[in-house]
Amino acid sequence: MILARSAETEEMRSLAFVLLAVLTVLTVALHHGAAAAAKGGDLRLSRIASELARRPVTIRCEGASGALTGPGGESGRTGFIDDKPVSTSYLQSGICETLHVYARSLKACLLPCRQPLEIAWSLNTLAHESYHLAGARNEAETECYALQAIDFVAHRLGASDPQARAMASFAFEQLPQRMPPEYGSPKCHDGGEYDLRPNDPIWP
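Residues in the sequence shown are numbered consecutively from 3, following the numbering used here.
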């Protein structure tokens, strides 16, 4: 009887040792995974993009520090393979920097106290590329979706509801006229074909 209990105790100790070893391996793997993600992409912006794309995606920042546009005039880019979006979008470094500064400097101002147009452009760029990551290819459709997500992105960066709504209205007033013609569409209006919330009276 004593021998049987001793063997059972030894088995339990062995099982506990194996479980501890497995837990240690998983912890190390998760740590390295998080470190790799931090090195490879912007974690905060990636989380926001993933929510809009409704799948895990990565946002990476590239180009010269402070630049909102690249040599070709683009602020972001997303590739497609066989009509399917890849899982990574690239934003100009100035876009990423502007968004992080915005998140750190939210105050009592309804609109940003400084550079509201640059911030609206940056919020829109993140939303735009996120909808490309979701599968939208047509630029006018993608841009219309992005304009409707300005308040969402602003809110995720820490803006209050009034601040986020003010940014959305400001962006809709200011950005379309600054976009290339292929980014605009008569379908982009309250109740239009590109309205993501047709039953919601709030627009955009």
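Note that CB positions come from ideal geometry on N, CA and C, so glycine has one too.
- Taking 9 Å as the cut-off, the beta carbon of P87 is found closer than this to the beta carbon of G137.
- When beta bridges are read from the DSSP output, F82 appears opposite P87.
- The shortest C-alpha to C-alpha distance from S124 to any of A69, P203, A55 and W205 is the one to A69.
- Taking every protein chain shown into account, the CB of A170 has 16 or more other CB atoms within 10 angstroms, so this residue is buried.
- In this chain, the alpha helix (DSSP H) harbouring T127 covers P118 to L135.
- Distances from the alpha-carbon of R79 to those of L135, K109, P182 and G42 put L135 closest.
- Using a Cβ distance threshold of 9 Å, L54 and A105 do not count as a contacting pair.
- Taking Y185 as the centre and dropping the five residues before and after it, the same chain places the C-beta of E141, A142 and E145 closer than 7 Å to its C-beta, in chain order.
- Your pair T100 and T60 does not check out as a contact, with CB atoms roughly 19 Å apart and the cut at 8 Å.
- Distance check between L119 and each of G75, R49 and A173 places A173 closest, using alpha-carbon atoms only.
- Just so you know, the alpha carbons of E64 and E175 end up roughly 28 Å apart.
- The beta carbons of L149 and L177 sit closer together than 9 Å.
- For the pair I204 and F154, the Cα-to-Cα distance works out to about 13 Å.
- In the three-state reduction of the DSSP assignment, R62 falls in the strand class.
- In the structure shown, the three-state DSSP call for Y196 is coil.
- Beta-bridge pairing by DSSP links Q176 to no other residue.
- Rounded to the nearest angstrom, the gap between the Cα atoms of N126 and N201 is 23 Å.
- For the pair Y196 and A151, the Cα-to-Cα distance works out to about 12 Å.
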